[in-house]
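Below is one structure, written out as structure tokens, with a few remarks after it.
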Amino acid sequence: MGDSKMVKDSLNWMAGGPQGSGVDTASNIFGRACGYGGLYVFGRREYHSNIKGLHSYFHLRVANRELLANVNDVDLLAAFDAETVVRHLNEVVSGGGIIVDSLQMRVKVLDIPTLPPEFKAELRKFMQEKNVGETVSDWLEYAKKNGVQVFPVPYMGLLNQIGQKLGIAQMSKITRMINVLTIGVSLALFKYDRALTEKAVKATFAEKAKIADMNVVALNHAYDYAEQTFKDSFKHRLEKTEVNEERIFITGNQAVAMGKVLGGCRVQTYYPITPAADESEYLEAHEILKTSGEDEAILVIQTEDEIAAINSASGACLAGARAATSTSGPGFSLMVEGLSWAGNSEVPVVVTYYQRGAPATGLPTRHGQGDLRFAMHAGHGEFPRIILASGDIKECFYDAAKVFNLAEKYQMPVIHLLDKAMANCSQTYPIFDYSEFKINRGQLLTEKDLEGKEYLRFQFTETGVSPRVPLGAKDGVHWYTGDEHNEEGHISEEPFNRRKMMEKRMKKLELVEKEVPLEDRLSFFGDQTSENIVISWGSPKGAIIEAIDMLKAEGLAAGFLQVRMIVPLPAEEIRKALEGKKRVIDVEDNYLGQLGQVIKEQTGIVPNFHVLKYTGRPMTTTEVYEAIKLILTNKAAERQVLMFGS
Amino acid sequence: MALKPSDFRVPDVYADWCAGCGDFGIMNALQMAFAELGLQPHQVVMVSGIGCSGKEPHNVKCYGVHTLHGRSLPFALGIKVANPNLEVVAIGGDGDGLGIGAGHFVNTGRRDVDMTYIIHNNGVYGLTKGQASPTLRRDVQTKALPRANINEAVNPIALAVISGYTFAARSYAYDIRHLKDMIKQGVQHKGLAFIECLQPCPTYNDINTKDWYTGEDRKDADGKPQSRLYKLEEAGFDPVVKDWNEDWKKKAAALEKAQEWGDRIPIGVFYRNELEPTFQERFTKRIPFYMEKPPAKQKLTDENGNSHVNLQQFMDELKTS
Chain C
6 MGDSKMVKDS LNWMAGGPQG SGVDTASNIF GRACGYGGLY VFGRREYHSN
56 IKGLHSYFHL RVANRELLAN VNDVDLLAAF DAETVVRHLN EVVSGGGIIV
106 DSLQMRVKVL DIPTLPPEFK AELRKFMQEK NVGETVSDWL EYAKKNGVQV
156 FPVPYMGLLN QIGQKLGIAQ MSKITRMINV LTIGVSLALF KYDRALTEKA
206 VKATFAEKAK IADMNVVALN HAYDYAEQTF KDSFKHRLEK TEVNEERIFI
256 TGNQAVAMGK VLGGCRVQTY YPITPAADES EYLEAHEILK TSGEDEAILV
306 IQTEDEIAAI NSASGACLAG ARAATSTSGP GFSLMVEGLS WAGNSEVPVV
356 VTYYQRGAPA TGLPTRHGQG DLRFAMHAGH GEFPRIILAS GDIKECFYDA
406 AKVFNLAEKY QMPVIHLLDK AMANCSQTYP IFDYSEFKIN RGQLLTEKDL
456 EGKEYLRFQF TETGVSPRVP LGAKDGVHWY TGDEHNEEGH ISEEPFNRRK
506 MMEKRMKKLE LVEKEVPLED RLSFFGDQTS ENIVISWGSP KGAIIEAIDM
556 LKAEGLAAGF LQVRMIVPLP AEEIRKALEG KKRVIDVEDN YLGQLGQVIK
606 EQTGIVPNFH VLKYTGRPMT TTEVYEAIKL ILTNKAAERQ VLMFGS
Chain E
517 MALKPSDFRV PDVYADWCAG CGDFGIMNAL QMAFAELGLQ PHQVVMVSGI
567 GCSGKEPHNV KCYGVHTLHG RSLPFALGIK VANPNLEVVA IGGDGDGLGI
617 GAGHFVNTGR RDVDMTYIIH NNGVYGLTKG QASPTLRRDV QTKALPRANI
667 NEAVNPIALA VISGYTFAAR SYAYDIRHLK DMIKQGVQHK GLAFIECLQP
717 CPTYNDINTK DWYTGEDRKD ADGKPQSRLY KLEEAGFDPV VKDWNEDWKK
767 KAAALEKAQE WGDRIPIGVF YRNELEPTFQ ERFTKRIPFY MEKPPAKQKL
817 TDENGNSHVN LQQFMDELKT S
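Those protein sequences? They're chains C and E, same order as listed.
Numbers 6 to 651, taken from my numbering, label the letters of the first sequence in order.
Numbers 517 to 837, taken from my numbering, label the letters of the second sequence in order.
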């Protein structure tokens, strides 16, 4: 069992079941229902690399204020199957509850076929140590002893009754509604407003009115059953509040897609890969774009591989479109040669890079931040690039738009570095304001500018940036080549030209450093005057901010420096922020502490504490809080490796 | 004003191919074809890969994109979809297009993008000094090979036809008029046109030489060489699909013709089908204004430079209030 709750003002609901059983849909309904009641939600989705059958779950944290991260605790677990009970029993806090199928009670835990042997070995150890019996029922008895309430529900019995109500005999149609059944029971236990839940069901199945109606019947049946059976026995309550603003419940994939459209992206290429593909599919579903003038459109092209993906995107850029490709580690590995070409030919192509558990196929549906160094150094030779790393879903949105300005202004590839946690987490936000977003296409010449002039695509200039002309412009004929080239774009191996071209390309990075505002490159949180500072990047941001807030309440002060622009790294500013600090704590979801290494290389400052995680699961506020607290109270080892999450 | 082939020359670039290289013929044919088609240099984009053939765009006055080994088609695809009003001609070697780039060769066929792809087929990797290319036949030992070629050859025409190219033709680098004609037909074809250009490599392919193609080794009684090449058109071959019912028949005929090699090598058009909707037409079905406002021609901003996109449709779906 978890300890007593540390993050007190939120309630945590989890749904778990075999992949394909509607866990995602359930969570979407639950999240929306909370949203309609004025509550904020943070959702974390975990799933296997599998179509159907293996365990997946969704953790939803709900509160009256904006939430930034996930926590360890579960207050109410909706278990679709026996495996969910086994996997998450110890996350349910004292005073919490478990909704379980009464028919699953007699299942022997070690007989569950989807449990891998290395996990069963752990279970055996647990059963021995805690003297827990072999059935689900025995496990639940153990939970009860630890203050957890168990709510057995006859799933099949209720589903049969629902089937009769709807006049459907076909069991496969009915069993699909296990998810809605558990939502009905859950929200009845929480005494949550039933009308809001109904509204959420209808919104989730907005396209399919018949299915929506069926699910509303199922929901109400389950609600009635739970109210009559369990009455007021569960002590946690979910209460709606007044809300006077527009809010959205959004995933990172969706935020990036919207940001791209805002930023003017009109060609997106991709090859199917987790966890990037959802973004492209979402874009394709919304390809016609409304504007304040005439409609526009984004073309989404599924290519034969990632090699084609980046090179087609580069081609579209040369023709004058804003274009991007979206991928994760294995796909980016294939893009590397194309990236080098884009660097050499000064192509403003954007690569959206969602890191996942690696190396190789790694943990294809899980989280990781092990590709920082790879993104920085990918590509043969030396060429300029920009890497911008977002830290939460809102940043994903604005950064996804900004990267196109950076790419075109400085004429270089930009990697928008993200991760699985952000891609698949969902969060409630006040609706994003984008009314002020400006598009800056840099030095992009029109046919009028070209009239009667000689045009050189790679003209040597003070800043290194040469005016750009899209392919097809009259009087602008020019060449591109992956070879070293002269100002016209023809192959040149002359040493003097080579030196000038290298310097022209590379010095554009100095311009980036000079022009991009610091607030787009670094963010500071917490107590800047404290002797303790946390450094990190990407999705650990939310957990770190919440952890620091909790520590502050206990009189333990720390600052947090979030590095947003990895290349070019604002090294001098980082050095100033870290210099003289007693504790520099590097927090990252990788083994090496890669950002810490990069900071050491470029500033000479060595982080003296590391909090690292590479289990494929994102950091929670709970564990970051615990780890930093140990450091601040002088009880921590130099290196802590976090382990939470199934 | 109509342009002359010389208007497509690039005077300050030295064409660095070996003396007698077929690339010169291909260059001339391209310049002639573009001029005769009434194109202006800025309307054409030539996209190439790596190898001797990759340098072709530097010697033709039009937009030139000399890309990576095997990747000319993905670049060309991106260019064409972003601005479908450009005349896009991709070009590359046999190793470039059928070895390292074979995946793109096949998959581009599935899209029937309205552009032209020319493969220089000389059987060797010239620029890396004469290794066997995917079109060199098994057991043939060209002069730089330490052993005879152990791999079977790819048949470019056959592969194009079954991959979905809607125009498949073959020509010969030293028959510039014929090649120019094939290029013109390819460019004018509605859909994805593939042209295989047979080409001696005077430096590394000592088997399929110019003399071999023109039949210097097989003279008739009067001492006149009997060319191995013959024209499909003159042989009465009809490659055009006029009705979907005859499509597979025409494809099968093309495949059969594509097998001929050795003493009789057909050149000309093997297959042509303009019934297939092009990639551009497929997009237009979904996005009616695609051709007038393709990705490269969209405004993106309002008069103040703000992004003018309205995200309401996205937000409405995500709203929880």
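Glycine included, every Cβ here is placed at the ideal spot set by N, Cα and C.
Since this is a predicted model, take the numbers as computed values, not measurements.
* **Lys-10 of chain C in three-state terms, based on DSSP** => Residue confidence for Lys-10 of chain C is low, a pLDDT of 44 falling below 50, so the modelled location carries little weight; the figure read from the coordinates is stated next. In this structure, Lys-10 of chain C counts as coil in the three-state DSSP scheme.
* Please work out which residues of its chain come closer than 8 Å, Cβ to Cβ, to Lys-170 of chain C, disregarding the five sequence neighbours upstream and downstream, and give them in chain order. => Excluding residues up to 5 positions away in sequence, Val-222 and His-226 lie with their Cβ nearer than 8 Å to the Cβ of Lys-170 of chain C in the same chain.
* Just mark Gly-373 of chain C as buried or exposed, buried being the case when its beta carbon has 16 or more other beta carbons within 10 Å. => Its Cβ being crowded by 16 or more others within 10 Å, Gly-373 of chain C is buried.
* Opposing strand residues paired with Val-1 of chain C [DSSP bridges] -> Any answer about residue 1 of chain C is impossible in this case: the structure gives chain C only from 6 up to 651.
* Asked: Are the C-beta atoms of Leu-72 of chain C and some chain E residue less than 8 Å apart?
  -> So, not an interface residue.
* Asked: Does Ala-598 of chain E get closer than 8 Å to chain C when you measure Cβ to Cβ?
  -> Closer than 8 Å: yes.
* Asked: What separation, rounded to the nearest whole angstrom, lies between the Cα atoms of Lys-204 of chain C and Gln-360 of chain C?
  -> Looking at the backbone, the Cα of Lys-204 of chain C and that of Gln-360 of chain C are separated by about 35 Å.
* By Cβ distance below 6 Å, which residues in the same chain neighbour Glu-292 of chain C in space, the five residues on each side in sequence not counted? -> Within the same chain, Glu-292 of chain C has close Cβ partners Ala-302 and Ile-303.
* Asked: Contact check, Asp-525 of chain C vs Arg-569 of chain C under 8 Å by CB: the rounded distance?
  -> 7 Å between Cβ atoms; contact.
* Just the C-alpha distance for Lys-458 of chain C and Thr-451 of chain C, rounded to the nearest angstrom, thanks. => Cα to Cα, Lys-458 of chain C sits roughly 12 Å from Thr-451 of chain C.
* Which same chain residues, not among the five before or five after Ser-9 of chain C, have their C-beta less than 6 Å away from its C-beta? -> Its pLDDT being 38, under 50, Ser-9 of chain C is placed unreliably in this model, and the value from its coordinates should be taken loosely. Residues of the same chain with their beta carbon placed closer than 6 Å to that of Ser-9 of chain C are lacking, with the five preceding and five following residues left out of the count.
* May I ask you to list, following chain order, the residues of the region 322-344 of chain C that have a beta carbon less than 9 Å from some beta carbon of chain E? => Of all residues in the region 322-344 of chain C, only Cys-322, Leu-323, Ala-324, Gly-325, Ala-326, Arg-327, Ala-328, Glu-342 and Gly-343 place a beta-carbon less than 9 Å from a beta-carbon of chain E.
* Enumerate in chain order the residues of its own chain whose CB-to-CB distance from Arg-92 of chain C is below 8 Å, with the five nearest sequence positions on each side excluded. => Cβ within range, chain order: Gly-21, His-60, Tyr-62 and Ser-651.
* Complete runs of the beta strand (DSSP E) confined to the region 707-777 of chain E [at least 3 residues] -> Fully contained in the region 707-777 of chain E are the following beta strand (DSSP E) runs of length 3 or more, in chain order: 709-714 and 745-747.
* To do: Report the three-state DSSP secondary structure of Pro-811 of chain E (helix, strand or coil).
  => Secondary structure of Pro-811 of chain E (DSSP, three-state): helix.
* DSSP three-state assignment for Thr-632 of chain E, whether helix, strand or coil -> Thr-632 of chain E sits in a strand when the DSSP states are folded into three classes.
* Does Val-629 of chain E come within less than 8 Å of chain C when only Cβ atoms are used? -> It does not: the Cβ of Val-629 of chain E has no partner Cβ on chain C nearer than 8 Å.
* To do: Would you kindly check if the distance between the Cβ of Tyr-746 of chain E and the Cβ of Arg-780 of chain E is under 8 Å?
  => Cβ distance < 8 Å, so Arg-780 of chain E and Tyr-746 of chain E count as in contact.
* To do: Check the Cβ-Cβ distances between Thr-632 of chain E and every residue of chain C, and say whether any is below 8 Å.
  => No, Thr-632 of chain E does not count as interfacial toward chain C.
* **Inter-residue spacing [alpha-carbon to alpha-carbon] between Gly-334 of chain C and Arg-588 of chain C** => Answer to the nearest angstrom: the Cα atoms are 32 Å apart.
* To do: Look at the alpha carbon of Asp-532 of chain C and the alpha carbon of Ala-618 of chain E, and state the distance between them as a whole number of angstroms.
  => Taking the straight line from one Cα to the other gives about 57 Å.
* Asked: Measuring CB to CB, does Gly-731 of chain E end up less than 8 Å from Gln-742 of chain E?
  -> The beta carbons of Gly-731 of chain E and Gln-742 of chain E sit closer together than 8 Å.
* Which listed residue (E:Leu-584, E:Asp-539 and E:Ile-595) has its alpha carbon closest to that of Cys-568 of chain E -> Ranked by Cα distance from Cys-568 of chain E, the options E:Leu-584, E:Asp-539 and E:Ile-595 are led by E:Asp-539.
* To do: Quick one: give me the first and last residue of the alpha helix (DSSP H) that Val-622 of chain E is part of.
  => Boundaries of the alpha helix (DSSP H) harbouring Val-622 of chain E: 618-625, taken from the DSSP string.
* To do: Would you kindly work out how many angstroms separate the C-alpha atoms of Tyr-485 of chain C and Lys-577 of chain E, rounded to a whole number?
  => Straight across, the Cα-Cα distance linking Tyr-485 of chain C with Lys-577 of chain E is about 13 Å.
* CB contact flag (Glu-551 of chain C, Thr-626 of chain C, <8 Å) -> Inclusion of Glu-551 of chain C and Thr-626 of chain C in the CB contact set at 8 Å is warranted, their separation being smaller than that value.
* Asked: Name the chain C residues that come within less than 7 Å of Pro-811 of chain E, Cβ to Cβ?
  -> Within 7 Å Cβ-Cβ: Arg-271, Val-272, Leu-304, Ala-321 and Ala-326.
* Same chain, Cβ closer than 6 Å to Gln-647 of chain E, neighbours up to 5 away in sequence not counted -> Scanning its chain for C-beta atoms nearer than 6 Å, with the 5 sequence neighbours on each side dropped, one finds around Gln-647 of chain E the residues Tyr-641, in chain order.
* How should Gly-821 of chain E be labelled, buried or exposed, when 16 other C-beta atoms within 10 angstroms of its C-beta is the threshold for buried? -> So Gly-821 of chain E ends up on the exposed side.
* Return the CA-CA distance between Phe-838 of chain E and Arg-473 of chain C, expressed in angstroms with no decimal places. => Nothing can be reported for residue 838 of chain E: it is not among the residues displayed for chain E, which extend from 517 to 837.
* Asked: Apart from the five residues just before and just after Ile-636 of chain C, which ones in its own chain have a Cβ nearer than 7 Å to its Cβ?
  -> The answer, listed in chain order, is Arg-588, Ile-590 and Phe-614.
* How about Gln-828 of chain E: is its C-beta nearer than 8 Å to some C-beta of chain C? -> True, the Cβ-Cβ gap to chain C drops below 8 Å.
* Is the number of C-beta pairs between the region 701-715 of chain E and the region 677-691 of chain E that are closer than 8 Å three or more? -> Counting Cβ pairs under 8 Å, three or more are found: they touch.
* For Lys-513 of chain C, name the three-state secondary structure that DSSP assigns. => Residue state, collapsed to three classes: helix.
* Asked: Three or more C-beta pairs closer than 8 Å, one from the region 232-247 of chain C and one from the region 277-295 of chain C: is that the case here?
  -> Using a C-beta cut-off of 8 Å, the region 232-247 of chain C makes no contact with the region 277-295 of chain C, since fewer than three inter-stretch Cβ pairs fall below that distance.
* **Amino acids of chain C, ordered along the chain, whose beta-carbon sits closer than 7 Å to that of Lys-740 of chain E** => Close to Lys-740 of chain E, with beta-carbon spacing below 7 Å, lies no residue of chain C; the smallest spacing is near 43 Å.
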